[in-house]
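Reading through the structure tokens given below for one structure.
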Amino acid sequence: MGEGVLTAPFARVGGHLLAEQVPLTAIASAVGTPTYVYSAASLRSQFARLDAALAGVPHRIHYAMKANGALGVLRVLRAAGAHVDCVSSGELFRARAAGFEPAEIIVGGVGKREDEIDAALAAGVACITAESYEELELISAVALRRGVVAPVAIRVNPEVTVHAFHEYVKTGQAGDKFGIPLGDAAAVITRAHATLPGLRFVALQHHIGSLLTELGPYRAAADKLVALLLALRASAPAAVAQVATLDLGGGFAISYQDEPPVDLRPLTETARAAHAATGCAIAIEPGRFLVAEAGLLLTRVLYRKQGGGREFVVADAGMNDLLRPALYQAHHRIEAVEAVQGERPVDVVGPVCESGDFLARERPLPDVRPGALLAVHTAGAYGFVMSSNYNARPRAAEVLVDGARWGVIRARERHEDLVRGERVDPDWSVA
Ligand code: LLP
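All the letters of the sequence shown, read from the start, carry residue numbers -12 to 418 under our numbering.
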């Protein structure tokens, strides 16, 4: 393990499922369940794949940490060479805590508060990506108050037709709330350059969606960004004189079931073409691609029961731990950690008091009994970060495996954590 391309971070050896070289049973015995388990080798290997796809083009890979903000995960990716993309002051705080330097950080987000803009400027991040003219005005005002000139990008909505697995993760179509419509972008930049002295434009960005099953629209969106920059260089050269980066967003797919592995050649071609046409460095913002396959959710079977013609496997992880099946009807492959005979379609459900609380429906699964461990795969992206305390369930532990070593990178929450910051009687004196 370690460097190079890793085929399977979680493999079965002699009937036991391992995370790299560590039996998952050992992790479950030591830290309990539910627990997220991440493979450092997989993180490095996915980073190396993207890095290789951009070889020959000056580039930066800004990991979209919204996918998985665990400090231990951030640390591994930074050591591999990643920069980072934050969408809130909370993420900025985490990125700094994990060791990212301000110059390695870009900050985006569709609704930044003034204090978040101020925090980004105070840290001295490499770029703040604005999503409207009004936001540019605010960034400029905050920068002037600080006595700095803010390095900014605008997020362009290229208005392409996006193919993604769910409506909720499309972001680059006409009518989506994100970014500045392509047709308005040149005017926004020109006007901002003329009237807002607290800004300098350093990049143009787009992000059209997540889990993009085909990269044709991605190429089309990049072409539009290139055309915009070339047009601005002709019409308002001073406004874009310092634009040295085209940020092509994230969204690169991975396979959750048995889809063929993603072909990164369109990314390579898009990056090369965009660089050749503009001389700009290319930035990308991958989240899922780097972390999804590196993680699984380890959960224990509590009960097995039947009702209404269905068979239920009740696990100790639910929608509060992994929301994607309930929210998007997303498929996560599930397997028994210890090999078991037999196979029947079952619903794998959690303990939360909602019928939408399932991890899988009508899924063929071996005859696992109470006490058995299940591995819910491809849970490294948008897993823990979307978890909640619903039903007053403490959030899961997180574990990092690296070769034969493993350790806890986030302790399981305790009941005391559930009431932190609360008081039984309000402090009436405030009002
Ligand atoms: N950049 C921007 C501006 C984004 O909004 C996102 C994701 C990314 C980069 C990273 O996209 P990725 O490479 O991870 O596809 N919760 C959903 C995914 C939401 C994605 C939101 N934005 C899910 O569980 O599938």
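Even for Gly, the Cβ is constructed at its ideal location relative to N, Cα and C.
Legend entry - Closest Cα partner of tyrosine 369 within the set Glu246, Gly19, Lys53: Here the closest residue by C-alpha is Lys53.
Legend entry - Per-residue DSSP class, three states only, for leucine 243: For the sequence presented, residue 243 should be read as tyrosine rather than leucine. Residue state for tyrosine 243 is assigned as coil, using DSSP reduced to three classes.
Legend entry - the segment 1 to 9 in contact with the segment 24 to 37 per 3-pair CB rule at 8 Å: Proximity of the segment 1 to 9 to the segment 24 to 37 meets the contact definition, three or more beta-carbon pairs being nearer than 8 Å.
Legend entry - Under the three-state DSSP convention, the category threonine 232 falls into: The answer is strand: DSSP assigns threonine 232 an E or B state.
Inset, instruction - Provide the residue(s) that pair with asparagine 144 in DSSP beta bridges, ordered along the chain. - result: Paired residue(s): Pro168.
Inset, instruction - Tell me, please, whether the CB atom of phenylalanine 276 is closer than 8 Å to any CB atom in chain B? - result: Annotation note: the requested chain B is absent from the structure, which comprises a single protein chain.
Inset, instruction - State buried or exposed for glutamine 33, treating a residue as buried only when at least 16 other CB atoms are found within 10 Å of its CB. - result: Taking a 10 Å sphere around the C-beta of glutamine 33, we find 16 or more other C-beta atoms and assign the residue as buried.
Inset, instruction - Within its chain, find whatever has a CB closer than 6 Å to the CB of alanine 317; leave out the 5 residues flanking it on each side and keep chain order. - result: Cβ-Cβ distances below 6 Å link alanine 317 to Arg311 in the same chain, with the five nearest sequence neighbours on each side left out; the list follows chain order.
Legend entry - Three-way DSSP call (helix, strand, coil) for threonine 265 in this model: Looking at threonine 265 - three-state DSSP - the assignment turns out to be helix.
Legend entry - Inside the segment 310 to 389 only - alpha helix (DSSP H) runs reaching at least 4 residues: Within the segment 310 to 389, complete alpha helix (DSSP H) segments of at least 4 residues are found at 311 to 315, given in chain order.
Legend entry - Candidates Leu360, Pro338, Thr265, of which the one nearest alanine 326 by Cα: Comparing alpha carbon positions, the residue from Leu360, Pro338, Thr265 closest to alanine 326 is Leu360.
Inset, instruction - Pick helix, strand or coil for glutamine 33, following the three-state DSSP scheme. - result: Glutamine 33 falls in the helix class under three-state DSSP.
Legend entry - Beta-carbon proximity list for glycine -11, same chain, < 8 Å, skipping 5 on both sides: Caution is warranted here: a pLDDT of 39 is assigned to glycine -11, below 50, making its placement in the model unreliable, and no coordinate value can be reported.
Inset, instruction - Please confirm if the segment 186 to 195 is in contact with the segment 240 to 247, defined as three or more CB-CB distances below 8 Å between the two stretches. - result: Using a C-beta cut-off of 8 Å, the segment 186 to 195 makes no contact with the segment 240 to 247, since fewer than three inter-stretch Cβ pairs fall below that distance.
Legend entry - N-terminal and C-terminal residue of the alpha helix (DSSP H) that aspartate 102 is part of: Per DSSP, aspartate 102 is one residue of the alpha helix (DSSP H) stretching across 101 to 110.
Inset, instruction - Tell me whether alanine 66 sits in a helix, a strand or coil according to DSSP, three-state version. - result: Of the three classes helix, strand and coil, the one that applies to alanine 66 here is helix, per DSSP.
Inset, instruction - Tell me whether lysine 53 counts as near ligand 1, meaning its Cβ is closer than 7 Å to at least one heavy atom of that ligand. - result: Yes, the Cβ of lysine 53 comes within 7 Å of a heavy atom of ligand 1.
Inset, instruction - Could you tell me if the beta carbon of leucine 198 falls within a distance shorter than 7 Å of some heavy atom in ligand 1? - result: For ligand 1, at least one heavy atom lies less than 7 Å from the Cβ of leucine 198.
Legend entry - Contact belief for alanine 130 with leucine 108 at Cβ below 8 Å, rounded distance in angstroms: Distance from alanine 130 to leucine 108 at the Cβ level is roughly 6 Å; contact confirmed, criterion being Cβ atoms closer than 8 Å.
Legend entry - First and last residue of the uninterrupted beta strand (DSSP E) at tyrosine 290: Tyrosine 290 -> beta strand (DSSP E) spans 282 to 294.
Legend entry - Rounded separation between glycine 282 and arginine 291 - CA only: Taking the straight line joining both Cα atoms gives about 26 Å.
Inset, instruction - Assuming arginine 65 contacts glycine 86 (C-beta within less than 8 Å), just tell me the rounded distance between them. - result: With a Cβ gap of about 6 Å, arginine 65 and glycine 86 count as contacting.
Legend entry - Whole-Å CB distance - histidine 262 paired with valine 44, under 8 Å assumed: Going by Cβ atoms, the distance from histidine 262 to valine 44 rounds to 5 Å, so yes, they are a contact pair.
Legend entry - Nearest-angstrom Cα separation, counted from valine 363 out to glutamate 322: Rounded to the nearest angstrom, the two C-alpha atoms are 7 Å apart.
Legend entry - Cβ neighbours of leucine 215 in the same chain (closer than 6 Å, five flanking residues each side left out): Once the five neighbours on either side are set aside, the close Cβ partners of leucine 215 are Ala172.
Inset, instruction - Measure the alpha-carbon distance for valine 249 versus glutamine 328 and round it to whole angstroms. - result: Straight-line Cα distance between these residues: approximately 32 Å.
Legend entry - Whole-angstrom distance between leucine 352 and serine 197, CA atom to CA atom: Cα to Cα, serine 197 sits roughly 29 Å from leucine 352.
Inset, instruction - Kindly give me the distance between the Cβ atoms of phenylalanine 276 and asparagine 55, rounded to whole angstroms, as I take these residues to be in contact under 8 Å. - result: Wrong, their Cβ atoms sit about 12 Å apart, outside the cutoff.
Legend entry - For threonine 177 and alanine 226, the rounded distance between their alpha carbons: Each residue's alpha carbon lies about 6 Å from the other.
Inset, instruction - With a threshold of 7 Å, establish whether the CB of methionine 373 neighbours any heavy atom of ligand 1. - result: A distance criterion of 7 Å places the beta-carbon of methionine 373 in contact range of ligand 1, judged by its closest non-hydrogen atom.
Inset, instruction - Could you tell me if the beta carbon of tyrosine 205 falls within a distance shorter than 7 Å of some heavy atom in ligand 1? - result: No.
Legend entry - beta-carbon glycine 274 near ligand 1 non-hydrogen atom, thresh 7 Å: For glycine 274, the distance from the CB to the nearest heavy atom of ligand 1 is below 7 Å.
Legend entry - C-alpha distance - leucine 11 paired with valine 94, whole-angstrom precision: Between leucine 11 and valine 94, the C-alpha separation is close to 36 Å.
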